[in-house]
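A.B. asks: This is the structure I want to talk about, given as structure tokens.
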Amino acid sequence: MKRERKQILIFGGTTEGRRLAETMCAAGFFCTVSVATQYGEQVMEEMPFLTLHRGRLDAGQMEEFIKEGGFFAVVDATHPFAVEVSENIRKSLSSMSLPYIRLKRDTDMSEKQKERLLWFRDMESCGKALQETTGNILLTTGSKDLAAFSNEELKKRLYVRVLPNEESIALCEKQGICGKQIIAMQGPFSTEMNEAITRQFHISYLVTKESGNTGGFFEKIRAAGNAGIPVMVIGNPEKEEQGFSFEEVAEEIYRLSGETPRGPKLKISLIGMGMGAYDLLTLEAKEKIQRAEVIFGAQRLLEEVGEEKEKYPHYLAADIIPQLTKIVKEGNRYSPCMEAAVLFSGDTGFYSGASKLYEELKRDLKEKRLEADIEVLTGISSMSYLAAKAGMSWQDAVVVSLHGRKANIMETVRREKKTFVLVSGLIDMKHLGELFAGEEWRELRITAGYRLSYPEEEIMELTPSMCGNLKKEGLYCCFIENSRAADQVISHGLKDASFLRGRTPMTKEEVREVSICKLGLKPNAIIYDVGSGTGSVSIECARLSEDIRVYAIERDREAVKLIGKNSDLFGLTNIEVIEAEAPEGFEDLPAPTHAFIGGSGGRMREILTALYGKNPFLRVVINAITLETLGEITGLLEQFPVEEEDIVQVQINRAKKAGPYHLMQAENPVYIISFNFHEGLTENENT
Numbered sequence: 000m001k002r003e004r005k006q007i008l009i010f011g012g013t014t015e016g017r018r019l020a021e022t023m024c025a026a027g028f029f030c031t032v033s034v035a036t037q038y039g040e041q042v043m044e045e046m047p048f049l050t051l052h053r054g055r056l057d058a059g060q061m062e063e064f065i066k067e068g069g070f071f072a073v074v075d076a077t078h079p080f081a082v083e084v085s086e087n088i089r090k091s092l093s094s095m096s097l098p099y100i101r102l103k104r105d106t107d108m109s110e111k112q113k114e115r116l117l118w119f120r121d122m123e124s125c126g127k128a129l130q131e132t133t134g135n136i137l138l139t140t141g142s143k144d145l146a147a148f149s150n151e152e153l154k155k156r157l158y159v160r161v162l163p164n165e166e167s168i169a170l171c172e173k174q175g176i177c178g179k180q181i182i183a184m185q186g187p188f189s190t191e192m193n194e195a196i197t198r199q200f201h202i203s204y205l206v207t208k209e210s211g212n213t214g215g216f217f218e219k220i221r222a223a224g225n226a227g228i229p230v231m232v233i234g235n236p237e238k239e240e241q242g243f244s245f246e247e248v249a250e251e252i253y254r255l256s257g258e259t260p261r262g263p264k265l266k267i268s269l270i271g272m273g274m275g276a277y278d279l280l281t282l283e284a285k286e287k288i289q290r291a292e293v294i295f296g297a298q299r300l301l302e303e304v305g306e307e308k309e310k311y312p313h314y315l316a317a318d319i320i321p322q323l324t325k326i327v328k329e330g331n332r333y334s335p336c337m338e339a340a341v342l343f344s345g346d347t348g349f350y351s352g353a354s355k356l357y358e359e360l361k362r363d364l365k366e367k368r369l370e371a372d373i374e375v376l377t378g379i380s381s382m383s384y385l386a387a388k389a390g391m392s393w394q395d396a397v398v399v400s401l402h403g404r405k406a407n408i409m410e411t412v413r414r415e416k417k418t419f420v421l422v423s424g425l426i427d428m429k430h431l432g433e434l435f436a437g438e439e440w441r442e443l444r445i446t447a448g449y450r451l452s453y454p455e456e457e458i459m460e461l462t463p464s465m466c467g468n469l470k471k472e473g474l475y476c477c478f479i480e481n482s483r484a485a486d487q488v489i490s491h492g493l494k495d496a497s498f499l500r501g502r503t504p505m506t507k508e509e510v511r512e513v514s515i516c517k518l519g520l521k522p523n524a525i526i527y528d529v530g531s532g533t534g535s536v537s538i539e540c541a542r543l544s545e546d547i548r549v550y551a552i553e554r555d556r557e558a559v560k561l562i563g564k565n566s567d568l569f570g571l572t573n574i575e576v577i578e579a580e581a582p583e584g585f586e587d588l589p590a591p592t593h594a595f596i597g598g599s600g601g602r603m604r605e606i607l608t609a610l611y612g613k614n615p616f617l618r619v620v621i622n623a624i625t626l627e628t629l630g631e632i633t634g635l636l637e638q639f640p641v642e643e644e645d646i647v648q649v650q651i652n653r654a655k656k657a658g659p660y661h662l663m664q665a666e667n668p669v670y671i672i673s674f675n676f677h678e679g680l681t682e683n684e685n686t
């Protein structure tokens with residue numbers, strides 16, 4: 000009885016046949032898929048609009064089945080080596096007006112890839128060539144062509160990989176291939192799995208059909224290349240035959256049906272690649288890369304995923320998103336889904352560009368500029384990998400990245416017992432050696448990893464001086480352990496003698512500490528140190544957190560040099576010295592959250608006005624010594640909208656020895672004025 004609804008008939012049993020059925024069913028077409036074996040049926044997932052037919056058909060049976068089916072299109076998506084089946088399909092359609100649409104598998108490869116392979120026109124010529132060889136042979140051409148390799152001496156060396164079903168195993172046994180010579184497994188097979196099999200069975204030659212990417216052809220080639228064994232390839236018999244690509248077949252189906260395609264939905268996977276070696280990827284990540292039609296990432300990472308993919312050496316959101324949009328617009332509009340992968344080194348949550356790209360993609364989704372499903376897949380971080388290799392824990396480590404970033408690594412190491420440092424390369428390792436060259440650091444223990452996960456991998460125990468002697472360029476990371484970290488003071492409060500001073504004025508120790516407390520600094524604070532002098536306040540503030548940013552504004556050239564030297568002395572990278580008068584030096588700086596004024600050069604009104612213009616909610620602390628300066632400040636505060644105003648006088652008396660006695664010696668009293676700006680200054684008041 001004929002079906003009322005017209006359908007597509009797909010002769011399948013292949014990956015591309017399954018994909019076509021999934022694509023057309025997802026688009027709302029009714030599909031009947033005909034497969035010859037139970038295995039072909041098992042790999043087809045149930046889905047709406049899909050009907051499965053299992054069983055081998057000759058040309059006459061095919062003709063009868065097609066006439067009863069009410070099909071408007073017949074697609075031959077059988078294996079390229081199933082020449083007889085394709086011929087029967089063509090015969091069955093010869094008396095009908097239905098078009099024969101051949102879905103031709105893409106088996107193209109580069110000339111460079113072809114050079115490494117031994118080519119044969121058919122199974123028989125390959126079998127004869129193998130008789131002239133020695134060593135074990137891995138045969139991956141299936142169970143139906145075993146007769147071509149039935150020479151008695153040759154059979155002793157064969158290991159055949161076939162589907163795990165009774166029919167395949169029976170065909171092996173019929174040819175006298177039994178027991179351990181049969182590897183009954185269901186693919187797809189990764190490069191690693193192919194390599195493992197070649198090692199397990201001491202394979203000397205690998206034999207395969209030219210079956211293209213969907214047949215796992217390139218994974219076999221890579222595995223053989225890694226193992227250093229020759230690959231013997233039986234060429235695709237329909238290479239010169241007419242046929243259509245996947246996109247062309249879909250286009251023809253839409254033309255015949257009169258329907259209009261809706262275009263693909265994008266699926267984007269942000270994938271952490273670990274240190275870079277493909278072997279260390281999670282199985283989920285490998286599957287996503289295998290399925291992806293287009294892949295983005297740094298060139299080093301793209302080299303790990305094979306040559307047959309469409310790849311773009313982009314890793315920044317600004318480059319990736321426009322390219323994705325273009326690909327979707329210009330790509331296969333007949334497919335309901337297009338998959339893309341973006342590769343990131345290390346773990347996606349560990350100093351990775353994945354987070355920024357994810358936020359950019361989510362923003363584009365929200366603003367309707369992009370339609371996609373996005374997922375993030377983790378990778379093995381260099382920190383956990385190195386810790387495992389070195390036999391140490393990492394839950395007690397503080398993490399610092401110097402990879403394209405600045406960080407106060409010296410302060411972190413001084414404070415923490417264990418620090419993990421992600422570096423850019425050899426130059427950073429040498430810099431660490433210079434930074435920790437002093438006697439203070441003689442007990443540091445540095446565990447470094449070089450080219451982790453790659454064949455050149457090295458795990459090294461180093462001293463700071465040994466870091467300076469490293470020669471190899473490449474990727475490094477390290478743990479730095481400081482057994483003396485527990486002895487470090489965790490609050491601010493450096494002695495005056497800790498600083499290089501020269502003849503430059505300096506805010507005294509006790510005044511400095513009270514003033515910094517009055518600032519009430521918070522994480523990510525941006526501080527202006529106006530009239531910085533020796534930079535002692537800047538240094539103390541910068542040491543509190545590497546997320547704090549300090550701008551030391553100083554007009555005296557000698558003082559500017561001194562601030563730089565003191566900054567280097569403490570290994571600080573979050574201080575920027577601005578050689579300029581205040582307030583002119585504020586002009587190109589980011590808006591501050593806090594300001595300390597240690598010297599105004601007689602321009603207090605201008606400085607406060609400029610600071611208010613930068614941030615009307617600024618926290619300000621001022622030091623004053625003379626009553627005249629104090630009077631000026633209190634007068635100015637009447638003209639600005641301020642709150643939490645506080646004025647304290649600090650009188651420091653320091654004991655000095657005089658013979659057997661201690662006499663208290665007074666220092667100049669210092670006024671510490673602190674307040675917050677708040678909005679409300681009028682234009683007239685501001686002038």
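For the sequence shown, numbering that gives the first Met the number 0 assigns the number 0 to the initial residue and increments by one for each residue that follows.
For glycine and all other residues, C-beta sits at the position ideal for the given N, C-alpha and C.
If we count the other Cβ atoms within 10 Å of its Cβ and call it buried at 16 or more, is Cys177 buried or exposed?
C.D. replies: As a working mapping, residue 177 is identified with position 178 in the sequence shown. With fewer than 16 Cβ atoms within 10 Å of its Cβ, Cys177 is classed as exposed.
A.B. asks: List the residues that DSSP assigns as beta-bridge partners of Asp645.
C.D. replies: The count along the sequence shown starts at 1 and reaches residue 645 at position 646. Paired residue(s): Ser673.
A.B. asks: Taking C-beta to C-beta, are Asn690 and Glu218 nearer than 8 Å?
C.D. replies: Not covered by the structure: residue 690. The range shown for the chain is 0 to 686.
A.B. asks: Which of helix, strand or coil does DSSP assign to Leu607?
C.D. replies: Start at 1 with the first residue of the sequence shown, and residue 607 comes out as number 608. Residue state, collapsed to three classes: helix.
A.B. asks: Can the beta-carbon of Gly517 be found closer than 8 Å to that of Ser673?
C.D. replies: Indexing the sequence shown from 1 puts residue 517 at position 518. Indexing the sequence shown from 1 puts residue 673 at position 674. In the sequence under discussion, the amino acid at residue 517 is Lys, which differs from the Gly named in the question. Their beta carbons are under 8 Å apart, which means Lys517 touches Ser673 by this criterion.
A.B. asks: I need the boundaries of the beta strand (DSSP E) containing Phe595, first residue and last residue.
C.D. replies: Residue numbering aside, residue 595 sits at position 596 when the sequence shown is read from its first letter. Per DSSP, Phe595 belongs to the beta strand (DSSP E) from His593 to Ile596.
A.B. asks: Whole angstroms are fine: how far does the CA of Gly186 sit from the CA of Leu170?
C.D. replies: On the sequence shown, residue 170 is found 171 positions in, with the first residue counted as 1. On the sequence shown, residue 186 is found 187 positions in, with the first residue counted as 1. Spanning the two alpha carbons is a distance of roughly 19 Å.
A.B. asks: Tell me the DSSP bridge mates of His661?
C.D. replies: Along the sequence shown, one-based indexing puts residue 661 at 662. Paired residue(s): Lys656.
A.B. asks: Using only alpha-carbon positions, find the residue among Phe29, Ile196 and Lys560 that is nearest to Phe48.
C.D. replies: Indexing the sequence shown from 1 puts residue 48 at position 49. Of the listed residues, the one whose Cα sits closest to Phe48 is Phe29.
A.B. asks: Could you give the distance in angstroms between the alpha-carbon of Asn523 and the alpha-carbon of Met108?
C.D. replies: By 1-based counting over the sequence shown, the position of residue 523 is 524. By 1-based counting over the sequence shown, the position of residue 108 is 109. Between Asn523 and Met108, the C-alpha separation is close to 53 Å.
A.B. asks: Is the segment 232–251 touching the segment 71–85, taking contact as three or more C-beta pairs under 8 Å?
C.D. replies: Taking 8 Å as the limit for Cβ pairs, the verdict is that the segment 71–85 does touch the segment 232–251.
A.B. asks: What did DSSP end up calling Trp440 once you bin it into helix, strand or coil?
C.D. replies: Translated into positions along the sequence shown, residue 440 becomes position 441. Helix, per DSSP.
A.B. asks: On a CA-only basis, which of Thr22, Gly601 and Ser383 is nearest Arg261? Give me that one, please.
C.D. replies: Here residue 261 corresponds to residue number 262 of the sequence shown, with the count starting at 1. It is Thr22.
A.B. asks: Which residue spans inside the segment 278–349 form an unbroken alpha helix (DSSP H) run of at least 4?
C.D. replies: As far as the segment 278–349 is concerned, its whole alpha helix (DSSP H) runs of at least 4 residues are 282–290, 298–301 and 316–329.
A.B. asks: Output the boundary residues of the beta strand (DSSP E) element that contains Lys66.
C.D. replies: Here residue 66 is taken as the residue at index 67 of the sequence shown, counted from 1. Taken as a continuous stretch (DSSP letters only), Lys66 belongs to no beta strand (DSSP E), being part of the alpha helix (DSSP H) at Ala58 to Gly68.
A.B. asks: By a C-beta neighbour count over all protein chains shown, 10 Å radius and 16 as the cutoff for buried, is Asp587 buried or exposed?
C.D. replies: Within the sequence shown, the letter at position 588 stands for residue 587. Result: exposed.
A.B. asks: I'd like to know if the segment 9–20 and the segment 32–49 are in contact, where contact means that at least 3 CB-CB pairs between them fall below 8 Å.
C.D. replies: Touching, per the Cβ criterion.
A.B. asks: Indicate whether Tyr158 and Phe119 have their beta-carbon atoms separated by less than 8 Å.
C.D. replies: Your numbering for residue 158 matches position 159 in the sequence shown. Your numbering for residue 119 matches position 120 in the sequence shown. Not a contact, by the Cβ cut-off of 8 Å.
A.B. asks: Determine the DSSP secondary structure at Gly448, reduced to helix, strand or coil.
C.D. replies: Start at 1 with the first residue of the sequence shown, and residue 448 comes out as number 449. Gly448 falls in the strand class under three-state DSSP.
A.B. asks: Buried or exposed: Gly16, going by 16 or more other Cβ atoms within 10 Å of its Cβ?
C.D. replies: Taking the first residue of the sequence shown as position 1, residue 16 is located at position 17. Gly16 comes out buried.
A.B. asks: Is Leu571 near Asn407, with beta carbons less than 8 Å apart?
C.D. replies: The residue labelled residue 571 in the question sits at position 572 within the sequence shown. The residue labelled residue 407 in the question sits at position 408 within the sequence shown. Yes. Within cutoff.
A.B. asks: Check whether the Cβ atoms of Ala226 and Ala291 sit closer than 8 Å, and answer yes or no.
C.D. replies: For the purposes of this step, residue 226 is taken as residue 227 along the sequence shown, with counting starting at 1. For the purposes of this step, residue 291 is taken as residue 292 along the sequence shown, with counting starting at 1. No; because the gap between Cβ atoms is not below 8 Å, this pair is not in contact.
A.B. asks: DSSP three-state call for Met391: helix, strand or coil?
C.D. replies: Translated into the one-based positions of the sequence shown, residue 391 becomes position 392. Coil, per DSSP.
A.B. asks: So, for Gly448: in the same chain, excluding its five sequence neighbours on each side, which residues have a beta-carbon less than 6 Å away from its beta-carbon?
C.D. replies: Numbered from 1 along the sequence shown, position 449 holds the residue referred to as residue 448. Excluding sequence neighbours, Gly448 sits near Leu385, Ile458 and Cys476.
A.B. asks: Which runs of the beta strand (DSSP E) fall wholly inside the segment 238–268 and span at least 3 residues, in chain order?
C.D. replies: Qualifying beta strand (DSSP E) stretches: none in this window.
A.B. asks: Expressed to the nearest angstrom, what Euclidean distance is found between the alpha-carbon atoms of Ile288 and Gly214?
C.D. replies: The sequence position of residue 288 within the sequence shown is 289, counting from 1. The sequence position of residue 214 within the sequence shown is 215, counting from 1. Rounded to the nearest angstrom, the two C-alpha atoms are 16 Å apart.
A.B. asks: Within the same chain, show all residues whose beta-carbon is closer than 6 Å to that of Glu374, passing over the 5 residues directly before and after it, in chain order.
C.D. replies: Along the sequence shown, read from residue 1 onward, the residue named residue 374 stands at position 375. Correct list, in chain order: Ser268.
A.B. asks: Which residue or residues does DSSP assign as beta-bridge partners of Cys30?
C.D. replies: In the sequence shown, counting from the first residue as 1, residue 30 sits at position 31. Cys30 pairs with Ile7 and Leu49.
A.B. asks: With a 10 Å radius around its C-beta and 16 neighbouring C-beta atoms as the bar for buried, classify Ser535 as buried or exposed.
C.D. replies: As a position in the sequence shown, residue 535 is number 536, starting the count at 1. It is buried - the Cβ of Ser535 has at least 16 other Cβ atoms within 10 Å.
A.B. asks: What does the alpha-carbon distance come out to for the pair Ser85 and Asp75?
C.D. replies: To locate residue 85, count along the sequence shown from 1; it is residue 86. To locate residue 75, count along the sequence shown from 1; it is residue 76. If you take the alpha carbons of Ser85 and Asp75, they lie about 7 Å apart.
A.B. asks: Leu474 and Gly424 look like a contact to me (Cβ under 8 Å); what is the Cβ gap, rounded to whole Å?
C.D. replies: As a first step, residue 474 must be located in the sequence shown, where it is residue number 475. As a first step, residue 424 must be located in the sequence shown, where it is residue number 425. Going by Cβ atoms, the distance from Leu474 to Gly424 rounds to 7 Å, so yes, they are a contact pair.
A.B. asks: Under the three-state reduction of DSSP, which class applies to Glu553: helix, strand or coil?
C.D. replies: Taking the first residue of the sequence shown as position 1, residue 553 is located at position 554. If DSSP states are grouped into helix, strand and coil, Glu553 belongs with the strands.
A.B. asks: Could you check whether Ile671 and Asn622 sit closer than 8 Å to each other, using their CB atoms as the reference points?
C.D. replies: Numbered from its first residue, the sequence shown carries residue 622 at position 623. Numbered from its first residue, the sequence shown carries residue 671 at position 672. Cβ atoms of Asn622 and Ile671: closer than 8 Å.
A.B. asks: With a threshold of 16 other CB atoms inside 10 Å of the CB of Pro591, please say whether the residue is buried or exposed.
C.D. replies: To locate residue 591, count along the sequence shown from 1; it is residue 592. Burial call: buried.
A.B. asks: Please return the same chain residues whose Cβ sits closer than 7 Å to the Cβ of Leu520, not counting the five positions on each side in sequence.
C.D. replies: Position 521 of the sequence shown, counting from 1, holds the residue named residue 520. If we look at Leu520 and ignore the five residues flanking it on each side, its Cβ neighbours are Cys540, Leu543, Ile547 and His593.
A.B. asks: Helix, strand or coil for Arg55 per DSSP?
C.D. replies: Start at 1 with the first residue of the sequence shown, and residue 55 comes out as number 56. If DSSP states are grouped into helix, strand and coil, Arg55 belongs with coil.
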